Structure formats: structure tokens, C-alpha cells
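Report on the following structure.
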Amino acid sequence: MNEMLQDVNRLFSRPEEAVRVLLSNVDEAGTALFMVPLIRAGFLERGDPYVKNLLNLFRINILKDLKKKAKIIVPQGAYLLGVMDETGTLEEGEVFVQFHDTSSMNAQQQLITGDVVVFRNPCFHPGDVRIVKAVDREELHYLVDVIVFSSKGVRDIPSMCSGGDLDGDDYTVYWDPRLIPKGNYEPMDYTPAPPKLVDEVKIKDILKFFVNYISNDNLGQIANAHLATADQSPTGAKDGRCIRLAQLHSEAVDFPKSGKPALLTSDLKVQIFPDFMQKKDRESYQSQKVLGQIFRSIDKSNYKNYKSTLTSESEFDVRLRVPNMELYIQEARELRATYNNNLSAHMNQFGVQTEAEICSGYVIKWLKKGKSKNNYQQHEYTMKAIKSFKNLWKRTFFKEFKDASGMVDPAKRPMMEAKAAAWYYVTYHPNERERDMSLEGGFFSFPWIVSGLICEIAKRSKQKKDEVDIMASYPFTEEEIRQGKAKLDAMRQEIVIIEQDDDDDDDDDDDDVDSGSEPDADEGDDDPIYVADSSKLYPATANHPRSNDRSSSNTPPAIVPVPRHRTIVHSLANATDEELMKTLGLS
61 MNEMLQDVNR LFSRPEEAVR VLLSNVDEAG TALFMVPLIR AGFLERGDPY
111 VKNLLNLFRI NILKDLKKKA KIIVPQGAYL LGVMDETGTL EEGEVFVQFH
161 DTSSMNAQQQ LITGDVVVFR NPCFHPGDVR IVKAVDREEL HYLVDVIVFS
211 SKGVRDIPSM CSGGDLDGDD YTVYWDPRLI PKGNYEPMDY TPAPPKLVDE
261 VKIKDILKFF VNYISNDNLG QIANAHLATA DQSPTGAKDG RCIRLAQLHS
311 EAVDFPKSGK PALLTSDLKV QIFPDFMQKK DRESYQSQKV LGQIFRSIDK
361 SNYKNYKSTL TSESEFDVRL RVPNMELYIQ EARELRATYN NNLSAHMNQF
411 GVQTEAEICS GYVIKWLKKG KSKNNYQQHE YTMKAIKSFK NLWKRTFFKE
461 FKDASGMVDP AKRPMMEAKA AAWYYVTYHP NERERDMSLE GGFFSFPWIV
511 SGLICEIAKR SKQKKDEVDI MASYPFTEEE IRQGKAKLDA MRQEIVIIEQ
561 DDDDDDDDDD DDVDSGSEPD ADEGDDDPIY VADSSKLYPA TANHPRSNDR
611 SSSNTPPAIV PVPRHRTIVH SLANATDEEL MKTLGLS
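If you count the sequence shown from 1, you need to add 60 to reach the numbering used here.
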């Protein structure tokens, strides 16, 4: 725990330290990995508010989870899917563990050998924690990011781990010698009780079972009683009452299948709870065991006033000043307004208070839970929606730069960077932020939809951190922006994005093309299509010379006829706010 606290307190000391801590604490939403290239591109050093806010929430989330859930990161550990050894090379009590190490961006494979601890949640019985031997078997090297269990022996290891199996169960494994127990405890028998059988299931049987289930659904009570009893007993989970509660918990889990309820007797019920369980309506005491010490070591103030740690102050990073970005500024203004409104709608829908929380997944406090049963489910729903939201905007950005096959055209790279820089400009430049003083106007996440392009532009720049480039920080005039938009509109009118049919088009289509006959004017799909030569459509820059540049004159793009194809006439980049909102499903 102390190592974790030291790590989170060093996050802002040096970029290298921040990267190390992030790679050691990868989260399900992928935000930690998302921040790494941004920090390596120098945005943390330059005080970027979006990066600072994400990193701040990362720190606060770790502290909150440490206090409320005792969630301690074990560097020498992994959480892996369990599978069976189909080769028969593992002996009884052996496992094979190989995984990608996420503590580095390369994610190199790591193979573990020696004594390891394996368990599966929920873990109540002392015998649920198993010490096994990890071995290297060449026949199993093709299996990665899983823990392979032996198919030999009197009893399989997964069944000893809280009655687990291999139909999708995940297992925690760690090999830190400081955390390996002295020996194995006799595992519990998880054989389920035989189910009640009837000749014919009638409605009254279903109603009776439903009432019985509601009346005897005490799984949570049993789990709480086990935790409190283990804390109060000198022998912990080995206490006789804890063993009985572990058996009851297994019965309660099987109750929906067996129909046999787990009866929590009065002698197993708990009247007083340790402080770390946070039972506000019940009598409590200060726990002297490790969970109580962890709970009291973290001050609530670290996360209660988390919004005060988030910043809205920003400076325009002059490294993001690139040629032709003025062409996209007017469009970027309109798209950003739509993006911000959509993001705000998502925040209201899911009960998230800040932009940094909903974009990172580090939600410190939910305003409402909606239809979800708990915070975990609410988090899952929210992250799924935000992932789709971000992917849609990413597709919106790249759509106009794709060729007929749907791949991004490398020749259009300079204009992609110009567009990304424009998205950054309208979000970060002081003049642009003054244009919109609303709550949504303070959002920073818009340009980071294309964070890869933003980071590459920044890393390519030779601008030092403390150097001042006054010219690069000057805002574009409204006339420059107006002319840029007019130029972009003219360029777009001369290109049609095409999508080729499959090679196995029907014979009628082939006949139409081969015959050379004139298409029917009423059939829009049969209109001839032309595509602009991309090497002439996008102007050359100093950093990106145009390929096959024959002259510097203002010659219009070469128009090349192509065979008949289905066409995509409009791009979301040209859509109105109403059209985009409709596409995003928020109208």
C-alpha cells in the first residue's frame, strides 16, 4: 500500500514517473494507456489542462478505491482467464502462466515459473486460496493471457477455488514471495445440493419459488456477516463461524438452481460492524486489522472535493500551428459546438458531473444511477456509450480522407493534420474560448478524438518548452477563416468519395458497363462518376511535399473518370448540426 501511495504522489513530479505509474495501473477503460503518448509528446510538461485533469482523476480514483475497496495493485500479479491443458503435459498441481506485460507500451510476453497463488472471487473459505507450481511447457507456448490448469489429479484446481470451473471464469494469480502463504488449507466441498424435482412445473410452482426466493435472498447478508466476523475473530477467516458462513454463501449462490435456501441463523448474525464497512445505520468500531488501517490512512478530503482540483486554464500549444489549418477552423467551430452539446447530453443522461470523469471513466461521484443496479453496472453502461460516441466522431473526422477502398489515403496526410490542428485551435486558443463562455465551452476533449495526429504533430515540432513564438500564437483573422472555408468548400465540390462494389457484381451491371450505353437520366445510381486526383487536390507544404508536383500554378485538380460505382455523396463533416445530431441519435 505504501508503494502505491508513493507512486500516486509522484505522478506530477516527472513525466517519466507518470508514465511508469500509468503503465503499472492499466484500467478497463484504457484511459491510463491513452494518457501515455500524450505525456510523452510533452503535453503534461506544458500544463495541458485535459491531461492534467485526467491524471488528477486517475490519482483520486486510486485513493478512493484504496479507501473504500482496499484495492491494492500487485505488480507481480495478473487477472487471467482459466483454461484446461488439452495437451496433457501439466502434472497435478501445476499451472502454465504466460501473459502480455502491460507495464510497458511494447506489452512483451512474460512467462512465470515457481510458486504462485491462485484464487477466484468471491473468496470466503481459507481453502479457496491455492498455492500451485507454475512451470514452463513448450507445448503450451501458444497460449497467452490465460492460466492453464492441469487436467490430471484427484480434484481439479478450479473447483477448489470457490467452486470455479473453466466455462469463462477468471482467476487472480500472483507470485510476489511476500504474499505467498505457508501452505494450503483443506478446500471446501462445493458439490451443490440436489434440486427439487416435480413431475410437471405449473404456474403455482413458479409463484411459490419466486416468493421463496425473494424471502430468502440473503447472499449480501451472509457476505457482510463473514467479513465482519473475520475482522472480529483472532483467527480471521479460519474461525468456525466463518467456515459455516462460507458454506452458507455457497448454498445461497446455488439457491436459484437448487431451490434450497441458505438459512442465516441468529448466532451467525452480526450486530456491530468494523468502520471500513461504512455501515452508517449500524453500530461500528475501529478495526485494528489491515483493512481498518488502510481505511483510516486515506483522508476523505483526497476525493470529496475533487472538482476543485480540476483546472480550466489553458494555453495554446504553438507546436500545433500547421499549414492550411485555417481552411478547417470555421467547420471545426460548428462541429465542436455540436460535440460539446452531445457530450453534455451524455453527462446528464448518465449522471456524471465533469467532462474529465465521463471521458476517463474515473467517475468519483454519480449524480444518479438510472436503471442500473449498482455503480459497477452504471459505469459499464456509461463507458460503452462513450466509446461508441468517440468512435463515431473519429469516423466523422476521417471519412473525407478515405479512398475508394475505405482506407485512409496517405497522400491526404497533410490535410488530415491541418484538420486536427484546427480542432485543437478552436478548443485551446484564448480567442476561441472567449467566443463561447458556456459550460460546454469549457470542454477540452474535442481534439483528443484524434489524439494520435495531435501527438505526432507535437513531437515533430522542434519548439522547445520555454521558447516563445509570438507569431505562432497569433489568432487567425476572421477574413482568413472565411477565405479558408471558401477554399475548402471549392476543393470539396471537386471530389466525390466513392465506394467500390465487390468484384462479384451481378452480370447485368457488368453488361451495362461493357456496352458503353448511355445511362438513364432518371437513375441516379447510373450517373457517371469522377474522382479528383488527390495529389493535386491537396496543396504541398514544406513538411509534406506533394508527390508528382509538376507545377506551382493554380491548375484545377485533374478529374479522372471511373467506372460506375455506388457513391457516398455527403460526408458528416459537411452535415448541419441537426443532421449530425440525428446521426448521433440525440435528436
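C-beta atoms are modelled at their ideal positions from N, C-alpha and C, and glycine is treated no differently. None of the values given here were measured: they were computed from a predicted structure.
Of the residues the options, which one's Cα is nearest the Cα of residue i?
i	options	result
ASP249	ALA550, CYS419 and ASP188	ASP188
PHE336	LEU126, MET551, ILE99 and ARG106	LEU126
SER372	MET64, GLN66 and LYS112	LYS112
TYR139	THR162, LEU150, ASN121 and ASP145	THR162
LEU150	LYS129, TYR436 and GLY213	GLY213
PRO135	LYS129, MET64 and ASN276	MET64
CYS515	ALA101, VAL96 and LEU82	ALA101
GLN409	PRO383, MET443 and SER465	MET443
SER310	GLY148, GLN553, PRO252 and LEU403	PRO252
PRO490	PRO535, ILE446, GLN307 and TRP508	PRO535
VAL350	GLY544, ILE418 and ALA290	ALA290
ARG393	VAL96, SER210, LYS545 and ARG106	LYS545
ASN116	ASN365, GLN553 and GLY224	ASN365
ASP377	ILE517, LYS472 and LEU114	ILE517
LYS339	LYS128, TRP508 and GLY502	LYS128
PHE118	THR147, PHE72, PHE103 and MET144	PHE72
SER448	ILE418, LYS425 and GLU477	ILE418
GLU198	THR147, PRO241 and CYS221	THR147
LEU200	ASP145, PRO334, PRO241 and ARG215	ASP145
ARG520	ARG379, THR325 and MET475	ARG379
Taking 7 Å as the limit between beta carbons, can you name the residues of its chain near residue i, skipping five residues before and five after?
i	result
THR414	LYS367 and LEU370
PRO255	LYS317, SER318 and GLY319
ALA167	HIS160 and ASP161
LYS329	ALA285
GLY296	ALA290
Once you ignore the five residues that flank residue i on each side, which residues in its own chain have a CB closer than 8 Å to its CB?
i	result
SER575	With a pLDDT of only 36 at SER575, under 50, the local geometry of the prediction cannot be trusted, and the value read off the model is given with reservation. Within the same chain, SER575 has no close Cβ partners at all.
ASP265	VAL258
MET61	LEU126, ILE132, ILE354 and SER357
GLN170	GLN158, PHE159, HIS160 and ASP161
ASP236	VAL134, PRO135, GLN136 and GLY137
ARG74	none
Assuming the contact rule is C-beta atoms closer than 8 Å, residue i and residue j should be a hit. Round their C-beta distance to whole Å, please.
i	j	result
THR173	ASP196	6 Å
VAL192	GLY153	6 Å
ILE217	ARG238	At roughly 23 Å, the Cβ-Cβ gap does not stay under 8 Å, so ILE217 and ARG238 are not in contact.
THR487	ARG381	About 14 Å; that fails the 8 Å criterion.
TRP453	TYR388	Actually they are not in contact, since the Cβ atoms of TRP453 and TYR388 sit about 15 Å apart, beyond 8 Å.
GLU391	GLU540	Actually they do not touch by this definition, with Cβ atoms about 14 Å apart.
ILE122	ASN85	7 Å
ASN278	ALA322	7 Å
GLY142	LEU226	5 Å
SER505	LEU403	7 Å
LEU313	TYR234	According to the sequence displayed, residue 313 carries Val and not Leu. Not confirmed; about 25 Å, so no contact.
Which residue comes first and which comes last in the beta strand (DSSP E) that contains residue i?
i	result
ILE207	206-209
LEU239	Here LEU239 belongs to no beta strand (DSSP E), and DSSP marks it neither H nor E.
TYR345	343-345
VAL157	154-160
Can you pull the DSSP bridge partners for residue i?
i	result
ASP230	LEU141
PHE174	At residue 174 the sequence reads Gly, which differs from the Phe that was named. GLY174 pairs with ALA194.
PHE28	Past the edges of the chain, shown from 61 to 647, lies residue 28, and the structure says nothing about it.
GLN66	Bridge partners of GLN66: none, in fact.
PHE179	THR232
GLN169	HIS160
VAL468	LYS462
In chain order, what residues of the same chain lie with their CB nearer than 6 Å to the CB of residue i, ignoring the 5 residues before and after it?
i	result
LYS298	PRO186
SER343	With the sequence shown as reference, residue 343 is identified as Glu, and Ser is not the correct amino acid for it. Within the same chain, GLU343 has close Cβ partners ILE332.
GLU246	GLY187
VAL510	PHE457 and ALA480
PHE270	none
SER374	PRO109 and TYR488
LEU548	LEU387
PRO599	Because PRO599 sits at a pLDDT of 39, beneath the cut-off of 50, its placement in the model cannot be relied upon, and the following sentence gives the value as read from the coordinates. Here the set comprises nothing.
Provide the residue span of the alpha helix (DSSP H) that contains residue i, from first to last.
i	result
ASP265	263-276
LEU403	389-410
VAL313	300-318
ALA546	538-553
GLN438	435-458
HIS286	279-292
ALA518	511-520
PHE503	Per DSSP, PHE503 belongs to no alpha helix (DSSP H) and is neither H nor E.
Quick check: does the Cβ of residue i come within less than 7 Å of any heavy atom belonging to the ligand HEM?
i	result
ASP249	In the structure on display, the ligand HEM does not appear, and there are no ligands present to speak of.
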